Structure formats: C-alpha cells, structure tokens
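One line per chain: the protein sequences are L and V, in this order.
Mapping to the numbering used here: the first sequence position 112 is 112, numbers consecutive.
For the numbering used here, add 170 to where a residue sits in the second sequence, where the first one is 1.
For reference, the structure is listed below as structure tokens.
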Amino acid sequence: MRQWTLAQPIICSFIGAMVRDFADRDDVLQETAVAVLESADRYDPSRPFIAWALGIARNQIRMFLRRDGQEPLIFDEAVISQLADSFEAIDPHDVHRLSFLRDCLQRLDTRERLLVQLRYAEDLKPAAIGEQLGMAANTVSKALQRLRDQLRVCIDRAAAAARAAEGGRA
Amino acid sequence: MRDPEDLLHQYLDQPLTAQEQAELGSWLAESPAHARRFTELLLLHNQLRSESLTLAASVPAMSVNSTGGAKLRLHRRRRQLRRVVGIAAALLLLLMLFNFLPPFGERAVATAASAELSRLIDKNRSDASRSYQVEVESVALAGRRHGRKSGSEKRPPKPPMDNAVLHLRGGGLFVLIRRQPDGRDFVTGSNGHYSWSVRPDSPVRISRDLQRFSRDLPGHEYSLSLVELTTTLQQLQQSCDVQILEGGAADSAHVDELATAPSERLLVAVRRPGFSGPRRIEIAYNAATHEIHQLRFIDMPYGPERLSLRLTLISRDGQPETFFHHSAHHPPEIPVEQE
C-alpha cells in the first residue's frame, strides 16, 4: 500500500502524458490500480515497484485508446520508453517538493487563481476560459504557461529555503 | 521548429496539429534531458489538478468578472469532486484488498514494514533521555495455579504499574517511579553500573546485577526489556510479523489515540507462533522523524497475570545522567545496603 501511495503521483503523471483529458486519465489510473491488484502475484519485490507499475500503466493506456476509439498514441514506442525511463528515475524528493505548490498557489493574485481554477478545477480548455474571461484563447494559453513557470520558480525557492532551514537546524 | 517549451505547455492544454505532434515527439526523442523536462512539467500539471480540486472544495466559488458575465457553476464542480472522491474511494478499497491478498500483499507489505522497523531502530538509537507515562489498560489472570502457593504469591504485592513513570536513557539507564496506595513513591533504577531500589521506610538497596531491580518491569522473563527499547525493537524483527498502518487505521479502540494525524504512523507487530511475550505490540511514531511517542504491549505476561499496558512519551532529553543514580531519589541520611 505504501509503495502504491508513493508511486501514484508518478503513475498518474505518466498516464497524463498520453491521456490528456483529466477524467479519462483518472479512469485509466483506476484501471491500472485494478490491473496491479490482479497481477500482484507476478510482482517480483526485488525489482523496483514503480517500473513494474509503469509497465502495467502502459498496457492500460493502449487498451483504453483502442477500446474507446480515442486518438491514437501521439508518441512512438521509443519516446514512450524514454518517458517511462524518466518517470522511473524520478527522485522521490522531486515529488515531495511539489507539496510546496499549495503555498505558492495562495500567493497568486485573484485573477491568476481564477485562471488556475478554471483550467484545473473546472477542466476548461483555453478557448472556453477565454470565452468566460473575454480573452483570446492564445492569450489564455500564454498566461497558463507563464503561471506554471512562475509556480515552478516558487516551488524551487520554497524547497531551497526548506533545505537551508534544515541545514541550519543540523 | 517552434520553441519546444511552448509546445510542451500547449500539449498540456489543447490539441496539437500533426506537424506540432511530430516536432514534439522528435524533440523528446533527442535527449533524456528533454524527456526529464517533460516529466517535471507533467508532475506539476498533475499536482495542479489535485491542489485545485482540493482548494475548490474548501473555498467559495470565485466569480468571473462582469465582462465574462457568468458565475462558475458550482454543481459541475461538485460533480467533478464526487467523481474524484469516488475514484479515490475505489482506489482505496482496491489498495486495502491489495494489502491483504497473499502472496504479493504479504511480501510487499512485510518488506516495507521490515525496512520501516529498521529505520525506527536506527532513528531511536540515542543517548538522550526519554520519559514515559505507563498506563495499565487491562489485567487478566493467565491460568492461575492451584494448590501450593508460589514464592511470588507469598511476597507482598508489587507496587502498581498503572500511572508509573519510566525514565530511560541509552546504555540501559532507567528510573521507574511507582506510586504506592499510601501515596509514597517506590523507585527502582539503574545507572548502568549497578541497579538499585528506593523503598519507603527501608534502606536503599543496590546490586551489581543490573537486572536485579528491573525485574518488576514486565517483559524481562522473555528478554523483552522495556529498559532497552532498541533491543526490544530488534527482537520484533525475529519474533513478530510486522505491518505499517498509516494515519491510525487499526483494529483497536485505543489506536485512535495513538495515531490520528496524517503525519503519524503505526507499526503493528503480532507475535509469531512459538515465541513468548506480548501477543501484539503497537508503536505509534512520527512518519517524518520516526520519533516514537507511544508503545502498547497487549496481552503481556506479567507473573500470574496478562497485562495490556501503554507507554506514552511525556518528555525528551529532560533528565541528566545523575538522575539515574539512586542518590537523586532519597535523602542522604538513608542507609545504603549492597546485595
């Protein structure tokens, strides 16, 4: 259970690389969890759990796209393998540091928070957000890009400050 | 070719043209560093979704400005939240099943729990002192012998363990303070060189046998020492099946008091057949620091009885080394007898 808890953000993000709709992504994540359970007796504990679960997620993504007549895989197998390797190599600290995101979101101004809410809580695409806010879709896309960059910098700073504080206590 | 960074962000928010897809695929295939950059962005994207749903559930809906003219539709958000909560609940249910299904569940959980127990042992090796409140949760007779009275039954009753305070320090140093029914304290301890006993109206007794006055503590009969917690934890690796419970999920009413916060964790050790000692031991600790703050020993043999007792951390590093010497616990005029 602990292994899955640690792995879940990584597996979820990997699925999101191929299945971009949030609701569909959640469905595939759920099916992956079921498949992990059903394949449990084939798991070799001497191997990394995340690599094993990523392999199952890859199969589930393929099955989902085939079954539901979705758009075919955008990336070829070589790119997907490259991405899987990259997810497998993620340092747990990189996942942990995302916990600073909540504080960073609180620092956004009202309009920025609204943009994040529309995109991520309401799951609206830039065109729909633009309609609500009276902005061009392209402007919304650029604003989202700037916001994510801004949040990444904020997370980096918060993580560095936390490290420095820990160092100071030691 | 477009700026790859623009392409990555566009990929997250809207469809790409065939040309853009091909460009993005080629760029990702060029280098593991490019894949890593995409991976980082996807992790942030995923976390933004999670945090936004959490925030949306906890704050009132924000209004779109008058230019847009529309209010955000709360029912849609609730529907999405219900969906996410439903998925989370289903995943949790699956994981609970997953946890109990042999052989994978047993192997994976046992491996994780064993590693966690090792971390607990490492983190709790310390010369700093710790003080615990001892509480007896229940007492049961365990097959009382009939006929001839045993030696222990002829002796006066032991001072009660309930509400005793146990001070520990590395190297087997301890002080156990038990309050007698008459309100006076019965104190036993060890400074690592000898053990001692300070009883009201009696001379102080000291012994070179370090175990001599720690035998009133439950557990010594089967080498499970409350005084040497590190050793006790190491023994659990041999004698018990261990598992880790997050955030207080366990099968006893007392566990709610042990580990209720998300940062807290419970290690449960169940005695294997063929080993003696408590039927079950529960160790509540901080998941980040591995600081143990409570231990429960359930169905622990103690003379003719079986106790369930609880040790709750009440202070850290509060006692100097001199505190573990008998002289800190009686007036200087009391005579001292060596056994």
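A virtual CB, placed ideally from N, CA and C, is assigned to each residue, including glycine.
All figures in this text were calculated on a predicted structure; none of them were measured in a lab.
- By the CB criterion at 8 Å, Ser13(L) and Leu477(V) fall outside the cutoff.
- With a cutoff of 8 Å on beta-carbon distance, Val140(L) and Pro126(L) are scored as near each other.
- Minimum Cα-Cα distance from Leu29(L) among the listed residues Trp4(L), Arg42(L), Asp149(L) and Ala40(L) corresponds to Trp4(L).
- The beta-bridge partner set that DSSP reports for Trp197(V) is empty.
- Nearest to His463(V) by C-alpha distance, out of Pro490(V), Glu434(V) and Arg449(V), is Glu434(V).
- Under the Cβ criterion of 8 Å, Gly16(L) is counted among the residues facing chain V.
- Setting aside the 5 residues that flank it on each side, Pro330(V) is surrounded in the same chain by Arg348, each with a C-beta closer than 7 Å to its C-beta; the list follows chain order.
- With a threshold of 8 Å between beta carbons, Thr459(V) makes no contact with chain L.
- The residues Gly362, in chain order, have a CB closer than 6 Å to that of Gly341(V) in the same chain once the five nearest residues on each side in sequence are set aside.
- For Asp103(L), none of the residues of chain V pass the 9 Å Cβ criterion, the least Cβ distance being about 10 Å.
- Under the 8 Å criterion on CB atoms, Phe208(V) is classed as interfacial with respect to chain L.
- Annotation: Leu481(V) to Ser377(V) spans about 26 Å, alpha carbon to alpha carbon.
- Note: Arg486(V) is bridge-paired with Arg300(V) in the DSSP secondary-structure output.
- For Tyr43(L), the CB contacts under 7 Å within the same chain, skipping 5 residues up- and downstream, are Trp52 in chain order.
- The beta carbons of Leu483(V) and Tyr302(V) sit about 6 Å from each other, so the pair counts as a contact at 8 Å.
- Put simply, the CB of Leu437(V) is far from chain L, with every gap to its CB atoms at 8 Å or more.
- Close partners of Ala498(V) in chain L (Cβ separation under 8 Å) are lacking, with about 31 Å as the shortest Cβ gap.
- Rounded to the nearest whole angstrom, the CA to CA distance from Thr492(V) to Phe467(V) is 29 Å.
- Three or more Cβ pairs drawn from the segment 195–208 of chain V and the segment 86–97 of chain L lie within less than 8 Å of each other, which places the two stretches in contact.
- Contact check for Arg219(V) against Phe22(L) passes: the beta carbons are separated by less than 8 Å.
- Put simply, the CB of Ala121(L) is near chain V, with a gap under 8 Å to one of its CB atoms.
- Using a Cβ-Cβ cut-off of 7 Å, Ser222(V) is close to Val116, Gln117, Tyr120 and Ala121 of chain L, given in chain order.
- Glu503(V): not part of any alpha helix (DSSP H); DSSP gives it neither H nor E.
- Close CB contacts of Pro72(L) within its chain, under the 7 Å cut and outside five residues either way in sequence, are with Leu65 (chain order).
- Separation of Tyr472(V) and Leu223(V) (C-alpha to C-alpha, rounded to the nearest whole angstrom) is 53 Å.
- Taking a 10 Å sphere around the C-beta of Pro388(V), we find 16 or more other C-beta atoms and assign the residue as buried.
- Within chain L, the C-beta atoms nearer than 7 Å to that of Asn216(V) come from Pro9, Cys12, Ser13 and Gly16, in chain order.
- Taken through DSSP and simplified to helix, strand or coil, Arg111(L) comes out as helix.
- DSSP places Met331(V) outside any beta strand (DSSP E), giving it a letter other than H or E.
- Here Gln464(V) is bridged, per DSSP, to Ala454(V) and Thr482(V).
- Here Val357(V) carries a strand assignment [DSSP, helix/strand/coil].
- Of the residues assessed, Asn138(L) falls on the exposed side of the cut-off, its CB having fewer than 16 other CB atoms within 10 angstroms.
- Only buried fits Thr358(V), as 16 or more other CB atoms lie within 10 angstroms of its CB.
- Think of a sphere of 9 Å around the beta carbon of Asp91(L): no beta carbon from chain V falls inside it, the nearest being about 11 Å out.
- Taking C-alpha positions only, Pro505(V) is separated from Val368(V) by approximately 10 Å.
- Taking the C-beta atoms as reference points, Val345(V) is found no nearer than 8 Å to Leu479(V).
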